[in-house]
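J.:
Protein chains: 2
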Amino acid sequence: MNNPCGQHQHPHRLIQQPLDELTDRLRRHSRRVTGPRQAILDVLRRHQTPMSNRDIHAALGQMCDLATVYRNLHTLEGMGLVRRFDLGDGAARFELVTPEDDGHHHHLVCTRCSLVVEIDDCFPPEFEQALAQRHRFARISHRLEFFGVCSRCEAGESRPGPVEA
Amino acid sequence: MNNPCGQHQHPHRLIQQPLDELTDRLRRHSRRVTGPRQAILDVLRRHQTPMSNRDIHAALGQMCDLATVYRNLHTLEGMGLVRRFDLGDGAARFELVTPEDDGHHHHLVCTRCSLVVEIDDCFPPEFEQALAQRHRFARISHRLEFFGVCSRCEAGESRPGPVEA
DNA sequence: ACATGATTGCAAACAGGTTGCAAGAACCAC
DNA sequence: GTGGTTCTTGCAACCTGTTTGCAATCATGT
Ligand SMILES: [Mn+2]
Ligand SMILES: [Mn+2]
Ligand SMILES: [Zn+2]
Ligand SMILES: [Zn+2]
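Those sequence lines, one after another, are chains E and P. Going by the numbering used here, the first residue of the first sequence is number 1034, and it counts up by one from there. Going by the numbering used here, the first residue of the second sequence is number 1034, and it counts up by one from there.
If you want it as structure tokens, here you go:
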């Protein structure tokens, strides 16, 4: 296994982008800088693990309707400002993405307490290329998530709700 | 990348288990051999790619209620007769599993026509082990699916419905 | 300040999936 | 075979995550 991003060794998502930079990106895409949008971006930039629409809406505290959160994340995803992840429970999760980085990475999820650990490693791109060639697929990509039981849960103290394996 | 199952080189899922063997497995788990169950198992054994509840129900043709399909797939999964897969669209898919094999494998999905290709390769288990140790997770496993555009779709003739990337 | 179109709140609609309940089988024992 | 016990099924209601139509509101360029 290697690190797919040769540019830098540190985890991308720990870099906290300034809010202004984010709203600038909105303007550049001729999107309006509204209260909900700033708030959503602000919530996302201070979280390092992916958040669900519900998570974000809760963190916003009655700032806007849940539908607005859904709509905005969809918009932000289309603009490449956030990336969508699927951690196996039915809900989509989102993480902020920096302009230099496409945000491709993986997660290790505790199936008992839903703790999420960020994983930067990935298998070498050659493998994916080989698959693509062998099956004549173009524009190939992948989704990879790990599941297990975190040390705290394994030790006994399960807490919140579980997730599927 | 290697083949995780050193036992045999051929794709597991191409082996078509006899229906009697499957119903025997039901009996051994003290489950009743009902019409819907036999029909579901029979549909699954003649498909090599994962099927959704809806797929199965459709293939059954008014043999039983959709809720019955859901309930049975859940039961069969609990018994280890089928394995659940998540191909990124909102619907769960299932494949028959042989007694010797846990059915762990991956898929390559066309994001345009939803064509599914079975993939037997996987990364070496050492990588997963290392992750587990590094983050002190127990009972670690993973889910990995590939996405791309199949040659036919790339050539132009898109057909049915798309899937997310 | 105004005009205009993007954005929002709200409620209704969807989609996959689950569940309570009464009727209908399997299966086991006679 | 007959009968009973227990598991299954059909049906409809329900649940959760997500989308959408529509009228009201607001951000932005002039
Ligand atoms: Mn992440
Ligand atoms: Mn498969
Ligand atoms: Zn945990
Ligand atoms: Zn295709």
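Beta carbons are placed, not taken as given, at the ideal position from N, Cα and C, and that holds for glycine. The structure displayed is predicted, hence computed values, not measured ones.
Looking at C-beta atoms only, is the number of pairs between the stretch 1052 to 1063 of chain E and the stretch 1089 to 1099 of chain E that lie closer than 8 Å three or more?
T.: no
J.: Ligand 4 heavy atoms versus the CB of Leu1148(P): any closer than 6 Å?
T.: yes
J.: Taking the alpha-carbon positions, what's the Gly1181(E) to Met1084(E) distance?
T.: 19 Å
J.: What distance in whole Å lies between the Cβ atoms of Val1066(P) and Arg1058(P), which are believed to be in contact at a cut-off of 8 Å?
T.: That belief does not hold up - the Cβ atoms of Arg1058(P) and Val1066(P) are roughly 10 Å apart, past 8 Å.
J.: Is Arg1079(E) close to chain P, meaning its C-beta is less than 7 Å from at least one C-beta of that chain?
T.: For Arg1079(E), the nearest beta carbon of chain P is not closer than 7 Å to its own beta carbon.
J.: Would you say Ser1147(E) reaches chain P, if we count a Cβ-Cβ gap shorter than 7 Å as a contact?
T.: no
J.: Measuring straight from C-alpha to C-alpha, what distance separates Ser1174(P) and Asp1154(E)?
T.: 15 Å
J.: According to DSSP, is Ala1188(P) helix, strand or coil?
T.: helix
J.: Check whether the Cβ of His1175(E) lies closer than 7 Å to any Cβ atom in chain P.
T.: yes
J.: Taking Cys1183(E) as the reference, which of Ala1171(P), Val1102(P), Glu1161(P), Thr1101(P) has the closest Cα?
T.: Ala1171(P)
J.: Based on Cα-Cα distance, which residue from Thr1131(E), Arg1126(E), Asp1098(E), Gly1123(E) lies nearest to Gly1113(E)?
T.: The shortest C-alpha separation from Gly1113(E) is found at Thr1131(E).
J.: Can you give me the C-alpha to C-alpha distance between Arg1116(P) and Pro1157(P), rounded to a whole angstrom?
T.: 21 Å
J.: Alpha carbon to alpha carbon, how far is Asp1098(E) from His1137(P)? Give it in angstroms, no decimals.
T.: 41 Å
J.: Enumerate in chain order the residues of its own chain whose CB-to-CB distance from His1041(P) is below 7 Å, with the five nearest sequence positions on each side excluded.
T.: Note that His1041(P) has pLDDT 44, beneath the 50 cutoff, so the model's placement of it is unreliable and the number below is only indicative. Contacts found: none.
J.: Residues in the stretch 1069 to 1102 of chain P with C-beta within 9 Å of chain E's C-beta atoms, listed in sequence order?
T.: none
J.: At the level of alpha carbons, what is the spacing between Arg1064(E) and Arg1087(E)?
T.: 23 Å
J.: What are the residues in the stretch 1122 to 1141 of chain E lying within 9 Å of chain P by C-beta distance?
T.: With the criterion set as a beta carbon lying under 9 Å from some beta carbon of chain P, the members of the stretch 1122 to 1141 of chain E are Gly1123, His1139, Leu1141, in sequence order.
J.: In angstroms, rounded to a whole number, what distance separates the CA positions of Gln1081(E) and His1140(E)?
T.: 12 Å
J.: Locate the alpha helix (DSSP H) running through Ala1124(E), then write down its first and last residues.
T.: Counting along the chain, Ala1124(E) falls outside any alpha helix (DSSP H), and DSSP gives it neither H nor E.
J.: Going along chain P in order, which residues have a C-beta closer than 8 Å to the C-beta of Asp1119(E)?
T.: Listed by position along chain P, the residues whose Cβ is nearer than 8 Å to that of Asp1119(E) are Asp1119, Gly1121.
J.: Would you say Ala1188(P) lies against chain E (beta-carbon separation less than 7 Å)?
T.: no
J.: Step through the CB atoms of chain P and report whether any lies within less than 7 Å of the CB of Val1182(E).
T.: yes
J.: Got a sec: is the Cβ-Cβ distance from Phe1179(P) to anything in chain E below 7 Å?
T.: yes
J.: Indicate the three-state DSSP secondary structure (helix, strand or coil) for His1180(E) in the structure shown.
T.: Strictly speaking, residue 1180(E) in this sequence is Phe, with His absent from that position. The answer is strand: DSSP assigns Phe1180(E) an E or B state.
J.: Please state the DSSP three-state secondary structure of Met1112(P).
T.: If DSSP states are grouped into helix, strand and coil, Met1112(P) belongs with the helices.
J.: So, does the CB of Val1150(P) fall closer than 7 Å to a CB anywhere in chain E?
T.: yes
J.: With a cut-off of 8 Å on the beta carbons, I'd call Val1142(P) and Glu1178(P) a contact; round off their distance for me.
T.: 6 Å
J.: Run through the DSSP bridge pairs and tell me what Leu1141(E) is partnered with.
T.: Answer by DSSP bridge pairing, in chain order: Val1150(E), Phe1179(E).
J.: Using a Cβ cut-off of 7 Å (strictly closer), state whether His1062(P) contacts chain E.
T.: no
J.: Using beta carbons (cut-off 7 Å, strictly below), is Arg1116(P) in contact with chain E?
T.: no
J.: From what residue to what residue does the alpha helix (DSSP H) around Phe1160(E) run?
T.: 1158 to 1168
J.: Quick check: is any heavy atom of ligand 2 less than 6 Å from the C-beta of Glu1110(P)?
T.: no
J.: For Leu1164(E), return the contacting residues in chain P, with the cut-off set at a CB-CB distance below 8 Å.
T.: The answer, in chain order, is Leu1141, Ile1152, Asp1154, Phe1179.
J.: Is DSSP giving Arg1172(P) helix, strand or coil here?
T.: Here Arg1172(P) sits in strand by DSSP.
J.: Whole angstroms is fine: what's the gap from Pro1069(P)'s alpha carbon to Thr1056(P)'s?
T.: 12 Å
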